[in-house]
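Residues -10 to 334 in our numbering are what the sequence shown lists, from first letter to last.
Idealized CB from N, CA, C, for every residue including glycine.
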Amino acid sequence: MKNIDLVEGKVAFIDQNKLPHVLDYVVTDDYLVIADNIKRLSIRGAPAIGVSAALGIAVTIQRMEEESLANLQKRFGEICDFMAVVRPTAVNLSWAVNRIRKKMESSSPKSVEEFKRILLQEAKDISQESEDESRSMGLFGASLLPDNCRVLTNCNDGMLCAVSYGTAAAAWYVAKEQGKQIEVIACETRPLMQGARLTAWECMYNHIPVTVCTDSMAGYAMAQGMVDVVMLGADRIALNGDTANKIGTYMLALLARAHGLPFYVVAPTSTFDLTIETGREIKIEQRNPEEVTHCGGSRIAPEGVSVLNPAFDVTPGTLITSIVTEKGVIHSPFTNGKIKSHCLG
Ligand code: MRU
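Rendered as structure tokens:
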């Protein structure tokens, strides 16, 4: 099953806000609909927001009736500026928008038709490469999972965060194909419950045994010897290995270190930000306080209370055992040179 696809010139994507109750696709050729769904997390996860933004821009441009190439290029630039900043933390969004922008600059199309054709092809390539990368990350990630492995994860790093397969989840999907027994423990991921709603649904859909726990139960599970490995995704990785991922990830890395468990991050090289030295430079998205004060539509905190709602935290590279990409595995200690040569090599 694909999370994002091109269907008859439109982008089709799973509406993740309806899961786990209803599996429904939204179909659109309007970048504003894509942007709104990225903001509301109906499309979410680092690779997925990059791919859907590129496809969304490309299909919007296809139906524009601009007669002059200059006008079309102007509209394209404006749409790219808008789309690149819809969410700030996952670098894959601006990476994908910059990639189509650079492609259009370097290929200097001579007509409206040529512009549209090159743009659509580049967006399709981004989507196809993302699928291929998931498969490669799965193969490299699976090599780190022994048979009978119990993997604890946070948020959703499966097919719902990408085009298909995902990032960290690709590792347990491939491990299962290789005949290994894998069990997943999914932290629920307050406040928006991507673990309980999405990872649990996705694992069950793919016949991977899964257990949901609240975020505060991860320490208990490790202390009871119920976890062999922590494996999860990333939204932006700095040159020293500092990794922004869903809120709660830092806490899990500290717990893993305290219990002597390996802590693996799985992400495509497009999730590395080679312009930043450390995680201190990562902008953390702050979201609506109502996500914290309300649960399932009901208020659970007193009216007027002040609220903290960062969507991500930064795990220091020193707490990460290895980072898996589509190119292979980078083992700690992480250095600027090691990460650059892995990503660019
Ligand atoms: O706020 P979300 O649901 O988009 O957050 C996504 C995550 O934190 C995922 O864990 C992350 O993208 C890593 S998997 C690609």
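Quiz item: Does DSSP put Val40 in a helix, in a strand, or in coil?
Solution: Three-state DSSP puts Val40 in a helix.
Exercise. List the DSSP bridge partners of His283.
Key: Its beta-bridge partners are Arg288.
Quiz item: Hey, would you say Thr232 sits closer than 9 Å to Gly286, going by beta carbons?
Solution: At least 9 Å separates the beta-carbon of Thr232 from that of Gly286.
Quiz item: Which value, in whole angstroms, describes the spacing of the CA atoms of Gly155 and Gln117?
Solution: Straight-line Cα distance between these residues: approximately 13 Å.
Practice problem: Consult DSSP for Glu172 and reduce its assignment to one of helix, strand or coil. | Solution: Correct three-state label for Glu172: strand.
Quiz item: So Val218 and Leu250 are in contact, right, with Cβ under 8 Å, and what is the actual spacing, rounded?
Solution: Contact between Val218 and Leu250 holds: their C-beta atoms lie close to 6 Å from each other, under 8 Å.
Practice problem: Over the uninterrupted alpha helix (DSSP H) stretch that includes His320, give me the two end residues. | Solution: Following the DSSP letters along the chain, one finds His320 in no alpha helix (DSSP H) but inside the beta strand (DSSP E) bounded by residues 317 to 320.
Quiz item: Hey, how far is the Cα of Lys(-9) from the Cα of Val152?
Solution: One C-alpha to the other measures close to 6 Å.
Practice problem: Please say whether Cys144 and Asn234 have beta carbons closer to each other than 9 Å? | Solution: Going by C-beta atoms, Asn234 is nearer than 9 Å to Cys144.
Quiz item: Which residues share a DSSP beta bridge with Ser311?
Solution: Answer is Tyr253, His320.
Exercise. Could you tell me which residues DSSP pairs with Asn6 in its beta bridges?
Key: None; Asn6 has no bridge partner.
Quiz item: Hey, would you say Val48 sits closer than 9 Å to Leu128, going by beta carbons?
Solution: Against a cut-off of 9 Å, the Cβ pair of Leu128 and Val48 comes out as no contact.
Self-check item: Nearest-angstrom Cα separation, counted from Glu(-3) out to Asn81
Solution: Approximately 25 Å between the Cα atoms of the pair.
Self-check item: Alpha-carbon spacing of Asp146 relative to Arg288, whole angstroms
Solution: Asp146 and Arg288: Cα-Cα distance of roughly 29 Å.
Quiz item: If you run the structure through DSSP and keep just helix, strand and coil, what is Ala210?
Solution: DSSP places Ala210 in helix when its eight states are reduced to three.
Quiz item: Based on the DSSP secondary-structure assignment, which residues constitute the bridge partners of Phe301?
Solution: Secondary-structure assignment with DSSP links Phe301 through a beta bridge to Lys235.
Quiz item: With C-beta atoms as the reference, is Ala207 less than 9 Å away from Leu241?
Solution: Going by C-beta atoms, Ala207 is nearer than 9 Å to Leu241.
Quiz prompt | Option in Phe104, Cys138, Asn229, Asp4 with minimal Cα separation from His331 | solution = It is Asn229.
Self-check item: CB-CB length for Met126 against Val216, believed under 8 Å
Solution: Not quite, the Cβ-Cβ distance comes to about 21 Å (not below 8 Å), so this is no contact.
Quiz item: Near Ala245, what residues of its chain come up, given a Cβ to Cβ distance below 6 Å and the 5 sequence neighbours on each side ignored?
Solution: Result list for Ala245: Val219, Phe252, in chain order.
Practice problem: To the nearest angstrom, report how far apart Ile115 and Glu280 are at their CA atoms. | Solution: Taking the straight line from one Cα to the other gives about 32 Å.
Quiz item: If you draw a straight line from the alpha carbon of Glu315 to that of Phe301, how long is it in whole angstroms?
Solution: In this structure, the alpha-carbon of Glu315 lies about 23 Å from that of Phe301.
Quiz prompt | Cut-off 7 Å between Cβ atoms - residues of its own chain near Ala349, not counting five sequence neighbours on either side | solution = The requested residue 349 is not part of the displayed model; the chain covers only -10 to 334.
Quiz item: Does DSSP put Gln167 in a helix, in a strand, or in coil?
Solution: Three-state result, Gln167: coil.
Practice problem: List the residues that DSSP assigns as beta-bridge partners of Arg139. | Solution: Partner(s): Glu172.
Quiz item: What residues in its chain sit with their C-beta under 6 Å from that of Ala158, if we drop five residues either side in the sequence?
Solution: Taking C-beta separations shorter than 6 Å and ignoring five residues to either side along the sequence, the partners of Ala158 in its chain run Asp146, Gly147, following chain order.
Quiz item: What do you reckon, are the CB atoms on Thr188 and Thr142 nearer than 9 Å?
Solution: In terms of Cβ geometry, Thr188 and Thr142 form a close pair [threshold 9 Å].
Practice problem: Check whether the Cβ of Arg88 sits closer than 8 Å to any heavy atom of the ligand MRU, and report yes or no. | Solution: No, the Cβ of Arg88 stays beyond 8 Å of every heavy atom of the ligand MRU.
Quiz prompt | Closer than 8 Å: Thr156 CB and nearest the ligand MRU heavy atom | solution = Under cutoff, so the answer is yes.
Exercise. Classify Met220 as helix, strand or coil using the three-state DSSP reduction.
Key: Three-state result, Met220: strand.
Quiz item: CB-CB under 6 Å to Glu111, same chain, minus the five flanking residues each way: which ones, in chain order?
Solution: Excluding positions up to five away in sequence, the list reads Ile89, Lys92.
Exercise. Verify whether the separation of the beta carbon atoms of Ile23 and Phe104 is less than 9 Å.
Key: No. Outside cutoff.
Quiz item: For the ligand MRU, is there a heavy atom less than 8 Å away from the beta-carbon of Cys284?
Solution: No, the Cβ of Cys284 stays beyond 8 Å of every heavy atom of the ligand MRU.
Quiz item: the ligand MRU heavy atoms versus the CB of Cys176: any closer than 8 Å?
Solution: Result no, Cβ not under 8 Å from the ligand MRU.
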